[in-house]
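Residue numbers (this note's numbering): -11 to 58.
Contents: one structure, followed by commentary.
What follows is the structure, encoded as C-alpha coordinates:
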(Lines of atoms letter the chains of each structure in order from A and count residues from 1; the text may use other names and numbers.)
(Lines give C-alpha, C1' and ligand atoms only; values in the text may rest on other atoms or scores of the structure.)
Protein backbone atom coordinates (compact mmCIF):
# COMPACT_ATOMS: atom_id res chain seq x y z
CA UNK A 1 0.00 0.00 0.00
CA UNK A 2 1.12 3.54 -0.60
CA UNK A 3 0.12 6.92 0.85
CA UNK A 4 -0.82 6.30 4.48
CA UNK A 5 -2.86 9.06 6.12
CA UNK A 6 -4.37 9.83 9.51
CA UNK A 7 -7.90 10.94 10.13
CA UNK A 8 -8.39 14.69 9.98
CA UNK A 9 -9.98 14.26 13.42
CA UNK A 10 -6.60 13.31 14.93
CA UNK A 11 -5.54 16.49 16.65
CA UNK A 12 -2.23 17.44 18.25
CA UNK A 13 -3.37 16.10 21.62
CA UNK A 14 -3.89 12.67 20.09
CA UNK A 15 -0.22 12.25 19.19
CA UNK A 16 0.15 8.86 17.61
CA UNK A 17 -2.88 7.32 19.30
CA UNK A 18 -4.85 6.70 16.15
CA UNK A 19 -4.99 4.56 13.06
CA UNK A 20 -3.87 5.29 9.53
CA UNK A 21 -5.48 4.21 6.30
CA UNK A 22 -4.23 3.60 2.77
CA UNK A 23 -6.27 2.60 -0.20
CA UNK A 24 -5.83 1.27 -3.70
CA UNK A 25 -8.49 0.59 -6.33
CA UNK A 26 -9.00 -2.94 -4.97
CA UNK A 27 -8.03 -2.85 -1.27
CA UNK A 28 -8.13 -0.71 1.87
CA UNK A 29 -5.58 -1.17 4.64
CA UNK A 30 -5.43 0.11 8.21
CA UNK A 31 -2.59 0.14 10.71
CA UNK A 32 -1.71 1.46 14.16
CA UNK A 33 0.14 4.77 13.99
CA UNK A 34 2.23 3.83 17.05
CA UNK A 35 3.55 0.68 15.32
CA UNK A 36 3.46 1.17 11.55
CA UNK A 37 5.89 -1.68 10.85
CA UNK A 38 3.66 -4.20 12.60
CA UNK A 39 0.64 -6.01 11.21
CA UNK A 40 -1.74 -4.30 8.82
CA UNK A 41 -5.39 -5.19 8.29
CA UNK A 42 -6.19 -5.31 4.59
CA UNK A 43 -9.68 -5.60 3.18
CA UNK A 44 -11.09 -5.89 -0.31
CA UNK A 45 -12.69 -2.52 -1.00
CA UNK A 46 -16.23 -3.90 -0.88
CA UNK A 47 -15.65 -5.48 2.56
CA UNK A 48 -14.45 -2.31 4.30
CA UNK A 49 -17.83 -0.59 4.73
CA UNK A 50 -19.40 -3.67 6.39
CA UNK A 51 -16.33 -3.88 8.67
CA UNK A 52 -16.84 -0.26 9.76
CA UNK A 53 -20.57 -0.78 10.26
CA UNK A 54 -19.82 -3.70 12.57
CA UNK A 55 -17.32 -1.62 14.54
CA UNK A 56 -19.75 1.26 14.87
CA UNK A 57 -22.54 -0.95 16.14
CA UNK A 58 -20.26 -2.67 18.65
CA UNK A 59 -18.29 0.37 19.84
CA UNK A 60 -19.76 3.82 19.56
CA UNK A 61 -16.34 5.35 20.29
CA UNK A 62 -15.05 4.36 16.86
CA UNK A 63 -17.48 6.59 15.00
CA UNK A 64 -14.67 8.97 14.01
CA UNK A 65 -12.84 6.01 12.48
CA UNK A 66 -15.67 5.67 9.99
CA UNK A 67 -14.81 9.08 8.56
CA UNK A 68 -11.69 7.54 7.01
CA UNK A 69 -13.65 5.81 4.31
CA UNK A 70 -14.50 9.23 2.86
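Backbone N, C-alpha and C define an ideal beta-carbon position, used for all residues, glycine too.
Keep in mind it's a predicted model, so treat the numbers as computed, not measured.
Near residue i, which residues of its chain fall below 7 Å by C-beta distance, leaving aside the five closest residues on each side in sequence?
{"i": "residue 38", "result": "none"}
{"i": "residue -10", "result": "10"}
Relative to the C-alpha of residue i, which candidate in the options has its C-alpha closest?
{"i": "residue 23", "options": "31, 33, 6 and 14", "result": "6"}
{"i": "residue 27", "options": "-5, 8 and -9", "result": "8"}
{"i": "residue -6", "options": "12, 19 and 14", "result": "19"}
{"i": "residue 33", "options": "41, 12 and 45", "result": "12"}
Based on DSSP bridge pairs, tell me the residues matched to residue i.
{"i": "residue 30", "result": "17"}
{"i": "residue -6", "result": "8"}
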